[in-house]
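Colleague:
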Amino acid sequence: MSAAIEVHALCKRYGDFEALRGIDLSVHSGEVFGLLGPNGAGKTTTVEILEGYRDRSDGEVSVLGHDPARRELELRRRIGIVLQSAGIYGHLSAREALNHWASFYPRPRDPEEVLALVGLAERGDLSARKLSGGQLRRLDFALALIGDPELIFLDEPTTGFDPEARRAAWETIRSLKALGKTILLTTHYLDEAQALADRVAIVKDGRVLAIGPPRELGAGAADYRVAYRDADGALVEQQTDDPTRTLHELTEAALARGERLEELSVGRPSLEDVYLELTADADDPATLDTTDPAEPARESATRAGRR
Amino acid sequence: MSHTVGGANPVALSWRQYRLERRMFWRNPSAAFFNFALPLLFLVAGGAILSGRPHDLHLLVPAIAGMAVMSTTFTALAYNIVFLRERGVLKRIRGTPLPTGAYFGGVAANALTNTALQIAIVTVAGRVFFGIGWPRDWLELFVFVLAGVVCFAALGVAFAHTIPNFESTAAYVNAVFLPVVFVSFYVFDSKSAPAFLRNIAEALPLKPLIDGLYAAMVTGTGIGEHVSALVVIALWGAFGIVFAVRGFSWEQRRS
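First to last, the sequence lines map onto chains A and B.
The opening position of the first sequence corresponds to residue 23 in the working numbering, with each subsequent residue numbered one higher.
The opening position of the second sequence corresponds to residue 88 in the working numbering, with each subsequent residue numbered one higher.
(1) Using 8 Å for Cβ pairs, my map puts Asp-162 (chain A) next to Val-69 (chain A). What's the rounded Cβ distance?
(2) Under 7 Å, CB to CB, which of the residues in the stretch 117 to 149 of chain A have a partner in chain B?
(3) Indicate whether at least one CB of chain B lies closer than 8 Å to the CB of Glu-73 (chain A).
(4) Going residue by residue through the stretch 230 to 294 of chain B, where are the continuous alpha helix (DSSP H) segments of at least 4 residues, counting only ones entirely within it?
(5) Would you mind giving the Cβ-Cβ distance between Gly-235 (chain B) and Leu-322 (chain B), rounded to the nearest angstrom? I have them listed as a contact below 8 Å.
(6) Contact between the stretch 95 to 108 of chain A and the stretch 174 to 185 of chain B is defined here as three or more beta-carbon pairs at a separation below 8 Å; is this criterion met?
(7) Kindly say whether Gly-175 (chain B), judged by its beta-carbon, lies nearer than 8 Å to any beta-carbon of chain A.
(8) Indicate whether at least one CB of chain A lies closer than 8 Å to the CB of Met-111 (chain B).
(9) Count the other CB atoms within 10 Å of the CB of Lys-203 (chain A); is the residue buried (16 or more) or exposed (fewer)?
(10) How about Arg-221 (chain A) and Ile-233 (chain A): are their beta carbons less than 8 Å apart?
(11) Bridge partners for Ile-233 (chain A) per DSSP, in chain order?
(12) What did DSSP end up calling Glu-238 (chain A) once you bin it into helix, strand or coil?
(13) Short check: CB of Tyr-105 (chain B) to CB of Gly-243 (chain B), under 8 Å?
(14) Rank B:Ile-310, B:Ala-280, B:Ala-196 and B:Thr-160 by C-alpha distance to the C-alpha of Ala-247 (chain B) and give the top, closest one.
(15) Taking just the CA atoms, how far does Gly-324 (chain B) sit from Val-156 (chain B)?
(16) Quick one: grab the DSSP three-state call for Arg-247 (chain A).
(17) Out of curiosity, what's the CA-to-CA distance linking Gly-133 (chain B) and Val-140 (chain A)?
(18) Are the CB atoms of Val-305 (chain B) and Pro-149 (chain B) within a distance shorter than 8 Å?
(19) What residues match up with Gly-255 (chain A) in a beta bridge as DSSP calls it?
(20) Quick one: is Ala-108 (chain A) near chain B, going by C-beta distance under 8 Å?
(21) For Glu-28 (chain A), which three-state DSSP category applies?
(22) Rounded to whole angstroms, how far is the Cβ of Arg-214 (chain B) from the Cβ of Gly-307 (chain B), which I believe are closer than 8 Å?
(23) Is Gly-228 (chain A) near Gly-64 (chain A), with beta carbons less than 8 Å apart?
(24) Given Gly-155 (chain A), which residues of its chain have a CB within under 7 Å of its CB, disregarding the five upstream and five downstream residues?
(25) Taking 8 Å as the CB-CB cut-off, is Asn-122 (chain B) touching chain A?
(26) Alpha carbon to alpha carbon, what distance is there between Phe-231 (chain B) and Phe-191 (chain B)?
(27) According to DSSP, is His-113 (chain A) part of a helix, a strand, or is it coil?
(28) Alpha carbon to alpha carbon, what distance is there between His-88 (chain A) and Val-314 (chain B)?
(29) Is it buried or exposed for Gly-139 (chain B), if we count other Cβ within 10 angstroms and need 16 for buried?
(30) Under 8 Å between the Cβ atoms of Leu-58 (chain A) and Ala-215 (chain A)?
(31) Nearest to Phe-229 (chain B) by CA position, among B:Val-329, B:Leu-300, B:Ala-212 and B:Gly-311, is which residue?
(32) In chain order, what residues of the same chain lie with their CB nearer than 6 Å to the CB of Val-237 (chain B), ignoring the 5 residues before and after it?
(33) DSSP three-state call for Ile-210 (chain A): helix, strand or coil?
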């Protein structure tokens with residue numbers, strides 16, 4: 023597999039502040055790569071350097087064989103960008119905007135097809151001012167796809183979506199992957215990274231803390247976890263790198279005492295466990311929002327209570 | 088700059104951008120009003136005040152024409168650039184293969200069209216309502232309008248860099264536009280203006296532009312008599328271009 027993006031020792035400084043402190047990663051052609059991390063971790067800075075919006079302070083970067091800092095038209099014809107937030111002309115309809123954007127590219131897709139793909143076919147003639155936030159986000163997708171790019175940057179593409187719109191966006195992203203597109207996705211939703219990404223890099227404070235397929239990410243770090251309830255009903259959790267031995271010892275002892283090990287389980291750390299462990303920050307425990315993105319945390323807490 | 092690939096010819100792209108800007112302009116009623124109704128209102132109001140004083144009416148038409156050049160370029164571009172920058176439209180465009188020159192070519196041609204339309208309206212209104220003849224020197228009119236457009240368009244883009252957010256655009260623009268217009272009109276009209284005001288007005292680009300338009304539209308004294316006015320406009324234009332390019336920001340100002 024060839025690399026669509028290569029990043030080596032990437033640094034970015036704003037005055038005394040080091041936003042990126044040596045990022046290394048490579049994104050293979052045809053894969054969905056997720057950049058995961060809390061707000062302020064450096065995800066957007068990294069992506070905007072790759073898109074050609076920002077200059078780097080140090081390091082090597084290659085995007086489809088080009089240095090994005092040189093801002094060549096040739097590169098911009100082959101990439102599509104969904105920014106975290108970007109406006110559009112309020113007095114144009116989605117259809118007009120797509121037709122205009124199509125003229126920038128040598129081999130654009132059919133605007134009608136793209137409108138249908140993002141689910142805006144019926145709203146295509148409405149002026150952008152009259153579209154809802156979710157519909158505008160779909161227009162962002164459509165404008166990024168109109169040039170039929172090989173490589174697509176999605177910066178927090180589903181932030182603010184309701185669950186249904188998120189599923190629809192995920193389907194669009196999967197269909198792009200099925201077409202062989204390479205996708206670099208930033209998100210602070212774990213479930214999104216887990217659902218979409220072939221590989222994930224966890225970023226914090228301008229560094230890559232872990233990189234790999236979401237399922238395997240935890241393997242090296244925290245090993246296995248064995249949990250059960252003891253005779254007093256308290257939950258006991260042990261970490262081990264040899265679960266067979268641990269289980270054997272536990273069950274042997276329990277049998278000898280004539281106890282049952284209630285709720286006995288053996289687990290591998292999930293992406294969430296790895297993420298929370300890696301990004302744990304004593305003075306800021308709430309950097310990650312693991313709740314449903316469409317719901318404020320308060321509300322989902324009360325729901326859980328009701329269940 | 089890269090060579091042409093597929094449909095991406097920079098001139099064709101510029102033309103498409105221009106047509107898009109025109110379409111959006113007519114769909115925005117407030118922009119259309121400020122561009123077309125306002126100079127006519129000034130003309131009517133000024134005409135009513137000055138009625139029966141033919142000499143002053145002859146001054147009024149080129150003065151309004153000069154103001155129209157400034158409002159369709161300086162004011163309109165400062166507004167537009169700040170709006171598009173703060174809304175993130177410029178950043179989005181920056182991420183596409185639309186060449187920067189093609190984009191600004193379309194935007195500038197749009198402003199130039201508004202200026203030309205306004206000069207035409209003011210000229211026709213001057214003839215119909217105030218009995219002023221057709222411009223005496225069309226070439227001179229063309230040269231001064233073009234110089235004024237380049238100068239004030241560049242200054243408008245440069246000035247946009249100083250405006251921190253869209254909400255304060257009106258305050259920033261009017262803080263420049265209104266004093267410049269008043270001083271220039273006053274000095275242009277009054278022979279007894281104090282010397283320091285006269286010096287200020289002569290050093291700013293609007294009064295020299297109005298002088299040139301007056302010569303072209305009313306007296307017919309040729310460009311040769313007004314080289315110094317052109318030089319002042321050109322110097323401001325050069326200053327504007329340097330700062331328009333140097334300070335240009337495609338993205339929102341972070342506060």
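All C-beta atoms in this analysis are idealised placements derived from N, C-alpha and C, irrespective of residue type, glycine included.
Modeller: According to the structure data:
(1) Here residue 162 (chain A) is taken as the residue at index 140 of the first sequence, counted from 1. Here residue 69 (chain A) is taken as the residue at index 47 of the first sequence, counted from 1. Contact flag wrong, Cβ pair sits at about 14 Å.
(2) Per Cβ criterion, the list reads His-122, Trp-123, Ser-125, Phe-126, Tyr-127, Pro-128 and Arg-129.
(3) On the first sequence, position 51 is the one that residue 73 (chain A) refers to. The Cβ of Glu-73 (chain A) sits closer than 8 Å to at least one Cβ of chain B.
(4) Every alpha helix (DSSP H) stretch that sits fully inside the stretch 230 to 294 of chain B and reaches 4 residues is listed by chain position as 256 to 276 and 282 to 290.
(5) Locating residue 235 (chain B) in the second sequence gives position 148, where the first residue counts as 1. Locating residue 322 (chain B) in the second sequence gives position 235, where the first residue counts as 1. Actually they are not in contact, since the Cβ atoms of Gly-235 (chain B) and Leu-322 (chain B) sit about 13 Å apart, beyond 8 Å.
(6) The answer is yes - the stretch 174 to 185 of chain B touches the stretch 95 to 108 of chain A, with three or more Cβ pairs under 8 Å.
(7) Position 88 of the second sequence, counted from the first residue, corresponds to residue 175 (chain B). Yes, Gly-175 (chain B) counts as interfacial toward chain A.
(8) Indexing the second sequence from 1 puts residue 111 (chain B) at position 24. Output row for Met-111 (chain B): interface = yes.
(9) Taking the first residue of the first sequence as 1, we reach residue 203 (chain A) at position 181. With 16 or more other Cβ atoms within 10 Å, it is buried.
(10) Numbered from its first residue, the first sequence carries residue 221 (chain A) at position 199. Numbered from its first residue, the first sequence carries residue 233 (chain A) at position 211. Yes, the Cβ-Cβ distance between Arg-221 (chain A) and Ile-233 (chain A) is below 8 Å.
(11) Against the first sequence, residue 233 (chain A) aligns to sequence position 211. Paired residues: A:Ala-223.
(12) Sequence index remark: in the first sequence, residue 238 (chain A) carries index 216 (1-based). Three-state result, Glu-238 (chain A): coil.
(13) One-based indexing of the second sequence puts residue 105 (chain B) at position 18. One-based indexing of the second sequence puts residue 243 (chain B) at position 156. For the pair Tyr-105 (chain B) and Gly-243 (chain B), the CB atoms are not nearer than the 8 Å cut-off.
(14) Taking the first residue of the second sequence as 1, we reach residue 247 (chain B) at position 160. Nearest in C-alpha terms to Ala-247 (chain B), of all of B:Ile-310, B:Ala-280, B:Ala-196 and B:Thr-160, is B:Thr-160.
(15) As a position in the second sequence, residue 156 (chain B) is number 69, starting the count at 1. As a position in the second sequence, residue 324 (chain B) is number 237, starting the count at 1. A straight-line Cα-Cα distance of about 14 Å links Val-156 (chain B) and Gly-324 (chain B).
(16) As a first step, residue 247 (chain A) is located in the first sequence; it is residue number 225 there, counting from the start. When secondary structure is reduced to three states using DSSP, Arg-247 (chain A) falls in the strand class.
(17) Position 46 of the second sequence, counting from 1, holds the residue named residue 133 (chain B). Position 118 of the first sequence, counting from 1, holds the residue named residue 140 (chain A). Straight-line Cα distance between these residues: approximately 55 Å.
(18) Mapped onto the second sequence, residue 149 (chain B) falls at position 62. Mapped onto the second sequence, residue 305 (chain B) falls at position 218. Cβ distance < 8 Å, so Pro-149 (chain B) and Val-305 (chain B) count as in contact.
(19) Residue 255 (chain A) sits at position 233 when you count from the first residue of the first sequence. By DSSP's assignment, Gly-255 (chain A) forms no beta bridge with any residue.
(20) Taking the first residue of the first sequence as position 1, residue 108 (chain A) is located at position 86. Between Ala-108 (chain A) and chain B, the shortest Cβ-Cβ separation is below 8 Å.
(21) The count along the first sequence starts at 1 and reaches residue 28 (chain A) at position 6. DSSP places Glu-28 (chain A) in strand when its eight states are reduced to three.
(22) The residue given as residue 214 (chain B) occupies position 127 in the second sequence. The residue given as residue 307 (chain B) occupies position 220 in the second sequence. In this structure, Arg-214 (chain B) and Gly-307 (chain B) do not form a Cβ contact; the two beta carbons are roughly 15 Å apart against a cut-off of 8 Å.
(23) Your numbering for residue 228 (chain A) matches position 206 in the first sequence. Your numbering for residue 64 (chain A) matches position 42 in the first sequence. The answer is yes: Cβ separation under 8 Å.
(24) Residue mapping note: residue 155 (chain A) aligns to position 133 of the first sequence, counting from 1. Here Gly-155 (chain A) has Gly-182 as same chain residues with Cβ atoms under 7 Å from its own Cβ, once five neighbours each way along the sequence are excluded.
(25) Here residue 122 (chain B) refers to the residue found at position 35 when the second sequence is read from its first residue. Among the residues facing chain A, Asn-122 (chain B) is not included, as its CB has no counterpart in that chain under 8 Å away.
(26) As a working mapping, residue 191 (chain B) is identified with position 104 in the second sequence. As a working mapping, residue 231 (chain B) is identified with position 144 in the second sequence. A direct Cα-Cα distance of roughly 22 Å separates Phe-191 (chain B) from Phe-231 (chain B).
(27) On the first sequence, position 91 is the one that residue 113 (chain A) refers to. His-113 (chain A) sits in coil when the DSSP states are folded into three classes, being neither helix nor strand.
(28) Taking the first residue of the second sequence as 1, we reach residue 314 (chain B) at position 227. Taking the first residue of the first sequence as 1, we reach residue 88 (chain A) at position 66. Approximately 49 Å, taken between the alpha carbons.
(29) By one-based count along the second sequence, residue 139 (chain B) stands at place 52. It is exposed - the Cβ of Gly-139 (chain B) has fewer than 16 other Cβ atoms within 10 Å.
(30) In the first sequence, counting from the first residue as 1, residue 58 (chain A) sits at position 36. In the first sequence, counting from the first residue as 1, residue 215 (chain A) sits at position 193. Ala-215 (chain A) is positioned such that its CB atom lies closer than 8 Å to that of Leu-58 (chain A).
(31) Here the question's residue 229 (chain B) lines up with position 142 in the second sequence. That would be B:Leu-300, whose Cα lies nearest to the Cα of Phe-229 (chain B).
(32) In the second sequence, residue 237 (chain B) corresponds to position 150, counting from 1. Within its own chain, the residues whose Cβ lies closer than 6 Å to the Cβ of Val-237 (chain B), once the five positions on either side in sequence are excluded, are Gly-324, listed in chain order.
(33) Translated into positions along the first sequence, residue 210 (chain A) becomes position 188. Just to set this straight, residue 210 (chain A) is His in the shown sequence, not Ile. Taken through DSSP and simplified to helix, strand or coil, His-210 (chain A) comes out as coil.
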